[in-house]
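> Here it is: the structure, laid out below.
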Amino acid sequence: QMNFTGDQVLRVLAKNDKQLSLLRDLEGLKPLKVDFWRGPARPSLPVDMRVPYSELKDVKEYLESHGLAYSIMIKDIQVLLDQEREAMAKSRR
Amino acid sequence: LERSTSSFSYSSYHTLEEIYSWIDSFVTEHANIVSKIQIGQSFENRSILVLKFSTGGFQRQAIWIDTGIHSREWITHATGIWTADKIVSEYGKDCILTNILDTMDIFLEIVSNPDGFAFTHSMNRLWRKNKSSRPGVACIGVDLNRNWKSGFGGNGSNDNPCSETYHGPYPHSEPEVSAIVKFITDHRNIKALISIHSYSQMLMYPYGYSLEPVSSKEELCNLSKSAAQALYKVHGMQYTYGSISTTLYMASGVTVDWAYDSGIKYSFSFELRDTGQYGFLLPATQIIPTAQETWMAIRTIMIHTLNHPY
Numbered sequence: 039q040m041n042f043t044g045d046q047v048l049r050v051l052a053k054n055d056k057q058l059s060l061l062r063d064l065e066g067l068k069p070l071k072v073d074f075w076r077g078p079a080r081p082s083l084p085v086d087m088r089v090p091y092s093e094l095k096d097v098k099e100y101l102e103s104h105g106l107a108y109s110i111m112i113k114d115i116q117v118l119l120d121q122e123r124e125a126m127a128k129s130r131r
Numbered sequence: 232l233e234r235s236t237s238s239f240s241y242s243s244y245h246t247l248e249e250i251y252s253w254i255d256s257f258v259t260e261h262a263n264i265v266s267k268i269q270i271g272q273s274f275e276n277r278s279i280l281v282l283k284f285s286t287g288g289f290q291r292q293a294i295w296i297d298t299g300i301h302s303r304e305w306i307t308h309a310t311g312i313w314t315a316d317k318i319v320s321e322y323g324k325d326c327i328l329t330n331i332l333d334t335m336d337i338f339l340e341i342v343s344n345p346d347g348f349a350f351t352h353s354m355n356r357l358w359r360k361n362k363s364s365r366p367g368v369a370c371i372g373v374d375l376n377r378n379w380k381s382g383f384g385g386n387g388s389n390d391n392p393c394s395e396t397y398h399g400p401y402p403h404s405e406p407e408v409s410a411i412v413k414f415i416t417d418h419r420n421i422k423a424l425i426s427i428h429s430y431s432q433m434l435m436y437p438y439g440y441s442l443e444p445v446s447s448k449e450e451l452c453n454l455s456k457s458a459a460q461a462l463y464k465v466h467g468m469q470y471t472y473g474s475i476s477t478t479l480y481m482a483s484g485v486t487v488d489w490a491y492d493s494g495i496k497y498s499f500s501f502e503l504r505d506t507g508q509y510g511f512l513l514p515a516t517q518i519i520p521t522a523q524e525t526w527m528a529i530r531t532i533m534i535h536t537l538n539h540p541y
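The listed protein sequences correspond, in order, to chains A and B.
If you read the first sequence in our numbering, its first letter stands for residue 39, the second for the next number, and so on.
If you read the second sequence in our numbering, its first letter stands for residue 232, the second for the next number, and so on.
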């Protein structure tokens, strides 16, 4: 199993279309590094993106330097995945 | 392996093997109303299975429901399994569902992307696409919800094989999509199509590939509203609804656009609940509440389809 320890999912709230296009640019700047769970759609909708641990510092700096407000929706994906596996094993037992 | 559905937990996530074993037990135990149809093979030669709920008749008007086209969205498969059980347990009790099944058939494909789903259990929990590969192409997988003919290759899809929204080399290139296309096209009497995804908490209708409203927009919008209201009453989950391109974003080559363009008027796509905490990794404790609310919306769409033949 691939391990996602330290990967986070950031929830970004873009204020306008300009900020939305900045998020779309990020996908180009970080090919295969940013995995949009909820893609950039419209300002009223949140954008969720999984960022690998190794890219977190860069991506957060990019967001902050462009005034993009974000919150950490999932602090460590692997913790959730481990809980999911444990719940499946428990159910099977 | 479970030998009967009685020990199967509908409030847990399951592997592909467990789901396929459950399907066999489920069909055996409810042979009077459910049968299993294999509509094709996946890229890695796994069976693509559809449950057929029918009380008789020949080539009746029917409703198609699919879950799991994006493999990492486990909540949709789990919702599909719960919905199958709900249909057999409510037939003869819920007069609306009984009316529907006395007149129409229901087809339910629970694992629309078996290779991707198996891969989420074996190697990569966050895999989304199928597992197709082509010579000379470094990356694997096509987004099965960008591979449909209508609007293929347009905005909101990607021609980069390494992207999560890669649309594939040509329309219906993927066996998982072409199996559904062939089945629905050969059937000729599917009157509603419901494709279940996760997550954004939305109920949407065509188009994704165009901002142009469909001719039935008003009816579909009103029906979405009713369905979202029925869903809300269960656990208070507030859905937004509208066409894909105006509610969410442009997305070309999606299932419901093809269905609508193929004459299936009542074509809807669900994006299931977004609690703002887990994305599509909803904990298993939320499987049944999510399925319960989704069922009420599906039921609303089905009874409308029954009452408005076309």
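All residues carry an ideal CB built from backbone N, CA and C; glycine is no exception.
All of these numbers come straight from a predicted model, not from anything done at the bench.
#1: On the CB-based measure, 16 or more other CB atoms within 10 Å of its CB, does B:T516 come out buried or exposed?
#2: If you follow the alpha helix (DSSP H) that B:W542 is in, where does it begin and where does it stop?
#3: Tell me which residues share the same chain as B:E340 and place their Cβ nearer than 6 Å to its Cβ, disregarding the 5 neighbours each side in the sequence.
#4: Name, going along the chain, the residues of the stretch 349-362 of chain B whose beta-carbon falls closer than 8 Å to a beta-carbon of chain A.
#5: Taking only the alpha-carbon atoms, compute the straight-line gap between A:R8 and B:I294 and give it to the nearest angstrom.
#6: Between A:V117 and chain B, is any beta-carbon pair separated by less than 8 Å?
#7: Counting only the same chain and skipping the five closest in sequence on each side, list residues whose C-beta sits under 8 Å from that of B:S376.
#8: Counting only beta-carbon separations shorter than 8 Å, does B:Q517 have a partner in chain A?
#9: Whose C-alpha, out of A:E93, A:R88, A:G105, is nearest the C-alpha of A:A52?
#10: At a Cβ threshold of 8 Å, is B:L247 touching chain A?
#11: Counting only Cβ-Cβ distances shorter than 8 Å, please list the residues of the stretch 502-532 of chain B near chain A, keeping chain order.
#12: Quick check on the DSSP output: what are the complete beta strand (DSSP E) runs of length 3 or more inside the stretch 66-103 of chain A, in order along the chain?
#13: Along the beta strand (DSSP E) that carries B:F284, what are the first and last residues, could you check?
#14: Check whether the stretch 314-329 of chain B and the stretch 271-280 of chain B touch, using three or more Cβ-Cβ pairs below 8 Å as the test.
#15: Between which two residues does the alpha helix (DSSP H) carrying B:T259 extend?
#16: If you scan the stretch 390-428 of chain B from start to end, which runs of the beta strand (DSSP E) of 3 or more residues do you find wholly inside it?
#17: Taking only beta-carbon atoms, is B:S243 less than 8 Å away from chain A?
#18: If contact means a Cβ-Cβ distance below 8 Å, which residues of the stretch 43-56 of chain A contact chain B?
#19: In terms of residue numbering, what span does the beta strand (DSSP E) encompassing B:S500 cover?
#20: Between the Cα of B:S381 and the Cα atoms of B:Y541, B:S493, B:S235, B:S238, which residue gives the shortest distance?
#21: Who are the neighbours of A:E102 on chain B, taking C-beta pairs under 8 Å?
#22: Suppose the cutoff is 7 Å on Cβ atoms and the five residues either side in sequence are ignored; what does the same chain contact list for A:Y108 look like?
#23: Can you list, in chain order, the residues of its chain with a C-beta nearer than 8 Å to that of B:K267? Leave out the 5 residues immediately preceding and following it.
#24: Residues in its own chain within less than 8 Å of A:K68 by CB, not counting five upstream and five downstream?
#25: Whose Cβ in chain B lies nearer than 8 Å to the Cβ of A:R76?
#26: Can you tell me which of the three DSSP states A:K128 falls into?
#27: For the beta strand (DSSP E) containing B:Y194, name the first residue and the last one.
#28: Could you name the residues of chain A that B:S237 contacts, counting a contact when the two beta carbons are closer than 7 Å?
#29: Is there a C-beta anywhere in chain B that falls below 8 Å from the one on A:I112?
#30: Tell me whether B:V342 sits in a helix, a strand or coil according to DSSP, three-state version.
#31: Determine the DSSP secondary structure at B:G347, reduced to helix, strand or coil.
#32: Please identify, using Cβ separations under 8 Å, the residues of the stretch 262-278 of chain B that lie next to chain A, in order along the chain.
The answer reads as follows:
#1: exposed
#2: Nothing about residue 542 of chain B can be read from this structure; chain B reaches only from 232 to 541.
#3: V281, D297
#4: S353, M354, N355, R356, L357
#5: Absent from the structure is residue 8 of chain A, since the part of chain A shown begins at 39 and ends at 131.
#6: no
#7: The residue asked about is misnamed: residue 376 of chain B is Asn in this sequence, not Ser. Hits under 8 Å: I300, H301, S426, H428, A482, G484, V485, T486.
#8: no
#9: A:G105
#10: no
#11: D505, G507, Q508, Y509, G510, F511, L512, P514, A515
#12: 73-76, 85-89
#13: 278-284
#14: no
#15: 247-260
#16: 421-428
#17: yes
#18: V47, R49
#19: 497-502
#20: B:S493
#21: Correct list: empty, because the minimum Cβ distance to chain B is about 21 Å.
#22: L48, R49, V50, L101
#23: I254, D255, V258, L280, V281, L282, K283
#24: E93, D96, V97
#25: Y430, S431, D505, G510
#26: helix
#27: Past the boundaries of the shown model lies residue 194 of chain B; chain B is included only from 232 to 541, so the question cannot be answered.
#28: The premise fails here: B:S237 is roughly 14 Å from chain A at the closest Cβ pair, so nothing lies under 7 Å.
#29: yes
#30: coil
#31: helix
#32: none
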